[in-house]
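Asker:
Number of protein chains: 2
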Amino acid sequence: MKADILIIGGGPAGIVSAVTARQKNPKKTITLVRREEKAVIPCGLPYIFKRLKSIDEDIMPDNPLKKANVNLLIDEAVRIEVKKKKVVLKKGEEIGYKKLILASGSETQLIPVQGIDYAWQIKKDYQYLSQMRRALNKAREIVIIGGGFIGVELAEELSGFKNKEISIIEILDHCLSVNFDDEFAEAAERKLKEKGVNIYTGVRVKKISQNKKIKYVVLSNGKKIRADEIVLSIGARPNVELAEKAEIRVEPKGAVKVDSYMRTSAKDVFAVGDCAQTRDFITGKKVPIMLASVACAEARIAAANLYKAKVRNPGTVGAFSTFINGLTLGAVGFTQKRAKTEGIDILIGKAEVPNHHPSKLPGTGPIIVKLIFSRKEKLLIGAELMGPESVAELTNVLSLAIQRKITASQLAFSQFATHPLLTPAPTVYPLISASLEVLGK
Amino acid sequence: MKADILIIGGGPAGIVSAVTARQKNPKKTITLVRREEKAVIPCGLPYIFKRLKSIDEDIMPDNPLKKANVNLLIDEAVRIEVKKKKVVLKKGEEIGYKKLILASGSETQLIPVQGIDYAWQIKKDYQYLSQMRRALNKAREIVIIGGGFIGVELAEELSGFKNKEISIIEILDHCLSVNFDDEFAEAAERKLKEKGVNIYTGVRVKKISQNKKIKYVVLSNGKKIRADEIVLSIGARPNVELAEKAEIRVEPKGAVKVDSYMRTSAKDVFAVGDCAQTRDFITGKKVPIMLASVACAEARIAAANLYKAKVRNPGTVGAFSTFINGLTLGAVGFTQKRAKTEGIDILIGKAEVPNHHPSKLPGTGPIIVKLIFSRKEKLLIGAELMGPESVAELTNVLSLAIQRKITASQLAFSQFATHPLLTPAPTVYPLISASLEVLGK
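Chains A and B are the protein sequences, given in the same order. The numbering of the first sequence is my numbering, which starts it at 15 and goes up by one. The numbering of the second sequence is my numbering, which starts it at 15 and goes up by one.
Dropping the structure here:
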């Protein structure tokens with residue numbers, strides 16, 4: 015078998031690689047090798063327990079691949095032979111390639127704790143998730159280890175069941191602490207507590223024990239939490255085995271090394287998504303961000319560069335949004351504390367305004383925006399937001415602003431559409447108000 | 015009396031001028047002269063009939079002026095003496111100024127039609143609106159002349175009453191036709207029709223007659239529509255009398271002439287908002303756009319330039335959003351038909367994607383995006399969107415993109431935050447999909 019363009023992996027990065035490669039190369043043969051018969055949508059995983067009626071509702075449609083005339087092979091790549099430019103599959107077949115895109119994804123990060131095998135992981139595996147769904151839906155007490163996005167979203171989803179007692183264990187001082195400053199993280203925690211979620215922060219898991227089907231999570235402070243089921247969600251680690259075996263360069267303790275065109279150390283081999291090393295837009299440093307949206311951006315860049323280096327990856331701005339019990343939170347770029355860690359001198363602009371105008375309109379609530387600018391050039395380098403659902407796309411205004419290297423002055427004098435029922439008032443539009451505040455400093 | 019900075023007009027442009035001037039000039043005396051005891055929020059006017067319980071819920075708070083230590087004078091400016099640098103007020107007082115900002119606003123555009131006096135106008139006047147609210151709330155049959163944003167929003171608001179029969183008369187082929195191409199305008203019309211609104215397009219009002227308190231609107235096609243009340247909302251005309259009397263230059267059939275720093279022809283006199291001439295961001299041509307968001311942007315620019323010309327007004331991109339019976343529509347920059355009128359060769363990228371992912375999540379509906387790029391540089395020059403409420407801030411992503419002169423390639427490789435419950439999937443994020451489509455052309 016042969017393919018002009020071969021893609022390993024059927025997650026968002028793989029699919030976007032294939033579809034974008036087709037747009038640019040109408041006549042090439044494109045093959046995508048995917049291990050899973052049914053590929054789950056990773057972002058949807060926290061919502062398979064209640065909001066979705068089954069895991070079948072969280073399956074990536076194969077239709078875009080068919081429409082793009084991409085051959086889909088359900089098989090597993092077990093070896094890449096970079097000199098012979100071919101990939102060996104588990105069922106025994108080999109596929110020659112002209113261009114290879116490695117999108118082998120990531121797996122749950124593990125921790126060396128006794129009894130950790132009792133915990134479920136966030137695996138992107140249909141059968142595994144089916145079992146996990148049944149188990150969690152039956153369980154009364156559930157402990158989630160890790161208060162990042164997935165952990166918090168899973169807790170929120172499960173807290174929708176009246177008869178469940180949900181607990182989160184987070185090693186840092188707050189949930190979502192990597193992406194938000196304290197005031198935002200605390201607001202998220204309040205929303206979880208309102209739904210009855212127990213939050214234990216600043217503690218480690220010491221061990222997990224089981225006694226007659228009842229599990230116990232023992233914390234570093236001595237506390238022992240009873241659990242019918244436990245879920246481990248402390249992050250992900252890149253799948254680099256295939257690359258390593260092929261002697262494709264992998265960053266120390268990191269992902270597959272790529273240049274700014276998403277090329278690996280092997281000729282005609284690209285890597286994208288969770289398996290590829292991501293760098294920070296602002297500092298250029300390696301960052302362990304694994305996000306479907308970043309994976310898709312990398313995939314589009316790789317697909318554009320297959321036959322000629324055209325589009326550079328500027329690094330990720332790390333744009334996130336989440337929804338917790340009615341509160342939407344968004345973040346992009348640096349937090350205040352991250353700027354401190356990086357030694358960047360900053361100015362902060364804040365705004366808190368009603369999301370409708372006049373504020374007497376039904377359903378009005380506050381939008382809170384915190385903008386972080388470098389002190390010297392007054393360049394926007396970070397933003398945190400919370401409020402109603404409109405905050406998700408408002409975060410994207412700021413994501414684009416950071417990527418286009420906007421200054422406080424440029425943002426303060428920008429024009430935005432406003433509407434009484436949809437946005438804050440034009441007199442106090444929060445991105446402008448927060449920027450104006452910084453201009454005076 | 016004297017003021018370092020004097021502002022005439024208490025609408026959004028006046029208030030933002032005052033508050034922004036204060037931020038930049040902590041020690042100056044600032045006075046704002048406003049005719050109205052209570053200033054209504056203009057954007058909220060369509061919603062005073064049902065969503066708001068009274069006009070008192072649509073009043074601009076004076077608190078921001080107090081907080082900014084701005085003297086508020088309730089009086090009417092009747093004459094500006096540009097040589098003596100003073101303004102004469104109706105109650106007889108005079109105020110000297112060092113810098114004057116004219117924010118005298120606009121009034122309803124009238125039409126020379128017999129019986130037009132029977133129609134209510136969209137006046138920003140508390141007493142008048144109180145009478146109008148009572149009359150419209152009593153009326154069963156209401157005819158709205160003009161299917162622009164205000165007309166359509168008013169029709170939608172009034173259609174919320176079960177016992178009312180609402181009709182819109184629009185001279186163009188579609189409602190909202192100035193700001194949207196047909197497919198979007200038609201979707202808006204369908205949403206109005208679902209609420210029982212009668213829409214008559216492509217017709218003029220020939221005359222209005224009254225017989226025993228029942229009014230009749232006679233159309234150019236001969237049709238006669240019965241009406242208990244009639245509202246005229248065909249647009250606004252700038253209030254330029256004060257400027258004209260002071261021999262400040264006014265554009266022919268237009269507004270007060272201003273340069274790109276918002277300076278009028280008179281020394282130390284600035285004009286902002288509806289009374290000031292607005293120019294188009296893309297063409298630089300005069301455009302009759304009167305929007306609170308544009309007024310506020312102009313006010314911030316003028317306030318920044320009072321003592322030194324610093325910030326240029328790049329012209330307006332005309333960013334709009336509206337909400338009609340559950341459908342949010344947004345537009346910014348050029349429509350397809352406007353590009354044709356202006357003789358600009360364009361490329362169009364479209365996307366229609368679910369607003370959640372997976373699409374089986376509750377409350378999922380489509381977002382439709384149409385992006386308009388110049389063919390030559392593939393520069394984004396316009397966008398139209400419709401879908402759920404997130405479309406309002408998604409429009410603002412594109413508003414910023416146009417203002418930052420983004421190309422299809424830059425937009426296609428941009429990063430945006432995505433979330434299952436909040437946005438389309440990262441694989442098909444509509445701004446990216448629509449841009450990628452254009453890249454191949």
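For each residue, glycine too, the CB sits at the ideal point set by N, CA and C.
Within the same chain, show all residues whose beta-carbon is closer than 7 Å to that of Arg-240(B), passing over the 5 residues directly before and after it, in chain order.
Answerer: The answer, listed in chain order, is Glu-155, Ile-228 and Tyr-230.
Asker: Suppose the cutoff is 7 Å on Cβ atoms and the five residues either side in sequence are ignored; what does the same chain contact list for Arg-314(A) look like?
Answerer: Cβ within range, chain order: Val-30 and Thr-34.
Asker: Could you tell me which whole alpha helix (DSSP H) segments of length 4 or greater appear in the segment 96-167 of chain A?
Answerer: Segments of the alpha helix (DSSP H) lying fully in the segment 96-167 of chain A: 140-152.
Asker: Beta carbons nearer than 9 Å to chain B: which residues of the segment 332-356 of chain A have them?
Answerer: So the close ones are Gly-332, Ala-333, Phe-334, Ser-335, Thr-336, Phe-337, Thr-342, Gly-344, Ala-345 and Val-346.
Asker: Give me the chain B residues within the contact set of Ala-426(A), using Cβ-Cβ distance strictly less than 8 Å, ordered along the chain.
Answerer: Residues of chain B passing the Cβ test: Arg-314.
Asker: Give the DSSP-derived three-state secondary structure of Pro-376(A) in the structure shown.
Answerer: If DSSP states are grouped into helix, strand and coil, Pro-376(A) belongs with coil.
Asker: Would you say Ser-247(A) and Gly-165(A) are within 7 Å of each other, going by their C-beta atoms?
Answerer: Contact flag set, yes.
Asker: Whole angstroms is fine: what's the gap from Ile-360(A)'s alpha carbon to Ile-22(B)'s?
Answerer: Each residue's Cα considered, the two are about 37 Å apart.
Asker: Output, in sequence order along the chain, the residues in the segment 180-195 of chain B whose CB is closer than 8 Å to any CB in chain A.
Answerer: If the cut-off is 8 Å between Cβ atoms, the segment 180-195 of chain B has nothing near chain A.
Asker: Reducing DSSP to helix, strand and coil, say where Asn-83(B) ends up.
Answerer: DSSP places Asn-83(B) in coil when its eight states are reduced to three.
Asker: Check each candidate in Pro-126(B), Ile-381(B) and Gly-396(B) and name the one with the smallest Cα separation from Ser-388(B).
Answerer: Out of Pro-126(B), Ile-381(B) and Gly-396(B), Gly-396(B) has the C-alpha closest to the C-alpha of Ser-388(B).
Asker: With 16 other CB atoms within 10 Å as the buried threshold, where does Glu-167(A) fall?
Answerer: Counting Cβ neighbours within 10 Å, Glu-167(A) comes out buried, since at least 16 surround it.
Asker: Name, going along the chain, the residues of the segment 361-388 of chain B whose beta-carbon falls closer than 8 Å to a beta-carbon of chain A.
Answerer: Under the 8 Å Cβ criterion, the segment 361-388 of chain B contributes His-371, Pro-372, Lys-374, Leu-375 and Pro-376.
Asker: Of the choices Asp-70(A), Lys-64(A) and Leu-66(A), whose alpha-carbon is the least far from that of Lys-52(A)?
Answerer: The shortest Cα separation from Lys-52(A) among Asp-70(A), Lys-64(A) and Leu-66(A) belongs to Asp-70(A).
Asker: Can you grab the Cα-Cα spacing for the pair Asn-339(B) / Gly-377(B), in whole Å?
Answerer: Taking the straight line from one Cα to the other gives about 16 Å.
Asker: Here's the rule I'm using: 16 or more other beta-carbon atoms within 10 Å means buried, otherwise exposed. How should Thr-355(B) be labelled?
Answerer: The residue is exposed, with fewer than 16 neighbouring Cβ atoms inside 10 Å.
Asker: Output needed for Asp-294(B): all residues of its chain with C-beta closer than 7 Å, excluding positions within five of it in sequence on either side, in chain order.
Answerer: Contacts found: Val-301, Gly-329 and Thr-330.
Asker: Can you give me the start and stop residues for the beta strand (DSSP E) that Thr-342(B) sits inside?
Answerer: Element bounds for Thr-342(B): 341-347.
Asker: List the endpoints of the continuous beta strand (DSSP E) containing Thr-45(B).
Answerer: Residues 44-48.
Asker: Residues of chain A with a CB under 9 Å from the CB of Glu-403(B): which are they?
Answerer: Those are Pro-402, Glu-403, Ser-404, Leu-435 and Leu-436, listed as they occur along chain A.
Asker: For the beta strand (DSSP E) that contains Glu-451(A), what are its first and last residues?
Answerer: Element bounds for Glu-451(A): not the beta strand (DSSP E) but the alpha helix (DSSP H), 444-453.
Asker: Is it buried or exposed, Glu-208(A), if we count other Cβ atoms within 10 angstroms and call 16 or more buried?
Answerer: Classification of Glu-208(A): exposed, given that the 10 Å Cβ count is below 16.
Asker: Cβ of Asn-319(A) less than 7 Å from any chain B Cβ?
Answerer: No, its Cβ sits nowhere closer than 7 Å to a Cβ of chain B.
Asker: To which residues of the same chain is Leu-206(B) closer than 8 Å at the C-beta, ignoring the five residues directly before and after it?
Answerer: Taken in chain order, the residues that qualify are Val-166, Ala-169, Glu-170, Ser-173, Ile-182, Cys-189, Ile-213, Ile-338 and Asn-339.
Asker: Go ahead and label Lys-138(B) buried or exposed: buried means 16 or more other beta carbons lie within 10 angstroms of its beta carbon, across all protein chains shown.
Answerer: So Lys-138(B) counts as buried.
Asker: Can you tell me whether DSSP reads Thr-437(A) as helix, strand or coil?
Answerer: Reduced to three states, the DSSP call for Thr-437(A) is coil.
Asker: Give the residues of chain A in contact with Cys-57(B), contact being defined as C-beta atoms less than 8 Å apart.
Answerer: Chain A residues near Cys-57(B): His-371, Thr-432, His-433, Pro-434, Ala-439 and Pro-440.
Asker: If you follow the alpha helix (DSSP H) that Leu-206(A) is part of, which residue opens it and which one closes it?
Answerer: Start and end: 196-208.
Asker: Spell out whether any CB of chain B is found under 7 Å from the CB atom of Ala-306(A).
Answerer: It does; some Cβ of chain B falls within 7 Å.
Asker: Determine the direct distance from the alpha carbon of Val-283(A) to that of Ala-117(A), and round the result to whole angstroms.
Answerer: For Ala-117(A) and Val-283(A), the distance between alpha carbons rounds to 11 Å.
Asker: In angstroms with no decimal places, state the Cα-to-Cα distance between Ala-406(A) and Pro-438(A).
Answerer: Looking at the two C-alpha atoms, the distance is approximately 14 Å.
Asker: Which residues does DSSP pair with Glu-366(A) in a beta bridge?
Answerer: Ile-382(A).
Asker: Quick one, which residues of the segment 142-172 of chain A are near chain B if we go by CB-CB under 7 Å, in chain order?
Answerer: Within the segment 142-172 of chain A, no residue has a Cβ that lies closer than 7 Å to any Cβ of chain B.
Asker: What does DSSP give as the partner residue(s) for Glu-184(A) in the beta ladder?
Answerer: Bridge partners of Glu-184(A): Thr-215(A).
Asker: Kindly indicate which residue of Ala-27(A), Val-272(A) and Gly-119(A) has the alpha-carbon position closest to the one of Ser-307(A).
Answerer: Nearest option by C-alpha distance: Ala-27(A).
Asker: Quick one, which residues of the segment 15-26 of chain A are near chain B if we go by CB-CB under 7 Å, in chain order?
Answerer: Within the segment 15-26 of chain A, the qualifying residues are Pro-26.
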